[in-house]
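See below for the structure under consideration.
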Amino acid sequence: EAQVTQNPRYLITVTGKKLTVTCSQNMNHEYMSWYRQDPGLGLRQIYYSMNVEVTDKGDVPEGYKVSRKEKRNFPLILESPSPNQTSLYFCASVTSTTTGNEQFFGPGTRLTVL
Amino acid sequence: GQNIDQPTEMTATEGAIVQINCTYQTSGFNGLFWYQQHAGEAPTFLSYNVLDGLEEKGRFSSFLSRSKGYSYLLLKELQMKDSASYLCAVLGEDGGYNKLIFGAGTRLAVHP
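Chains D and V are the protein sequences, given in the same order.
The numbering of the first sequence is my numbering, which starts it at -14 and goes up by one.
The numbering of the second sequence is my numbering, which starts it at -8 and goes up by one.
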């Protein structure tokens, strides 16, 4: 089954404690992306990756890092989380088809930073 | 700048028809998407328009006018399970790359 998986689904942590949210896709997609979703603001892109070892900043990259060492995995790293990073995070994997680019979203990770 | 506007909330009655509008101003245009998102869940793909006109898919239809920077999502024969947020997203351009820009979403409540 084609899917995007994220772990953990829920996480409560404290300020300054490094954490990693994993994202994995089994569709061999080249393009992957991380978003955060906050009430009234819609989905905002944090980082994206065009292919292995190719990453770039989205709209709100401050406080985040990513890596893309292999095609299927695109982890999101918070080196020193702060309360303003409390949010709902989605990883997405993108395919280009004749009808356009379709994003497949992971189930989401709800992060609370105290 | 890049901007996508859609109403914050809408209500409708079961069995009725509702139209959710979306206007956009973006750098470049490579298509417009509509997604459905139930509370606490991931967005799911509904439709994609890149040419002007109406695309119909079952109870859902999506319309695009590129000259007006306007789209709408039409939901017919509303069901209670259609209560969700509907996200309009435009595939624009940023620095030579395609970039998907999302609106804040329209929260639709369907009442009996």
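Ideal placement from N, C-alpha and C gives every residue a C-beta, glycine not left out.
Residue(s) in a DSSP beta bridge with residue i
i, result
"VAL39 (chain D)", "D:ASN36"
"ARG29 (chain D)", "D:ARG21"
"LYS90 (chain V)", "V:GLY83"
"ALA3 (chain V)", "V:VAL101"
Beta-carbon spacing of residue i, residue j below 8 Å
i, j, result
"SER76 (chain V)", "ALA100 (chain V)", "no"
"LEU61 (chain D)", "GLN70 (chain D)", "no"
"LEU96 (chain D)", "SER72 (chain D)", "yes"
"PRO68 (chain D)", "THR(-2) (chain D)", "no"
"LEU64 (chain V)", "ILE(-5) (chain V)", "no"
"GLY27 (chain D)", "GLY94 (chain V)", "yes"
"THR40 (chain D)", "TYR49 (chain D)", "no"
"LEU37 (chain V)", "PHE54 (chain V)", "no"
"GLN(-12) (chain D)", "ASN13 (chain D)", "no"
"GLU15 (chain D)", "LYS56 (chain D)", "yes"
"LEU4 (chain D)", "PRO46 (chain D)", "no"
Contact set for residue i: own chain, Cβ-Cβ below 7 Å, skip 5 residues either direction
i, result
"VAL9 (chain V)", "MET1, ALA3, LEU66, LEU69 and LEU99"
"PRO40 (chain V)", "Inspection of the sequence shows that residue 40 (chain V) is occupied by Asn rather than by Pro. The answer, listed in chain order, is GLY22, LEU23, GLU46, SER53, LEU55 and SER62."
Other residues of its chain near residue i: CB distance less than 6 Å, five sequence neighbours each side excluded
i, result
"LEU82 (chain V)", "ASN21, GLY22, ASN89 and LEU91"
Three-way DSSP call (helix, strand, coil) for residue i in this model
i, result
"ASP23 (chain D)", "strand"
"MET12 (chain D)", "coil"
"LYS3 (chain D)", "coil"
"LYS48 (chain V)", "strand"
"ASP73 (chain V)", "helix"
"VAL51 (chain D)", "strand"
"ARG98 (chain V)", "strand"
"LEU99 (chain D)", "coil"
"GLN(-7) (chain V)", "coil"
"VAL(-11) (chain D)", "strand"
"SER56 (chain V)", "strand"
Close Cβ partners of residue i (< 8 Å) along its chain, the five nearest in sequence each way excluded
i, result
"THR35 (chain V)", "TYR26, GLN27 and GLN28"
At what residue ranges does the stretch 53 to 93 of chain D contain a whole run of the alpha helix (DSSP H), taking only runs of 4 or more? Within the stretch 53 to 93 of chain D, there are no complete alpha helix (DSSP H) runs of at least 4 residues.
Sequence ranges, beta strand (DSSP E) only - wholly within the stretch 6 to 45 of chain V, length at least 3: Listed in chain order, the complete beta strand (DSSP E) runs (minimum 3 residues) inside the stretch 6 to 45 of chain V are 9 to 16, 23 to 28 and 35 to 40.
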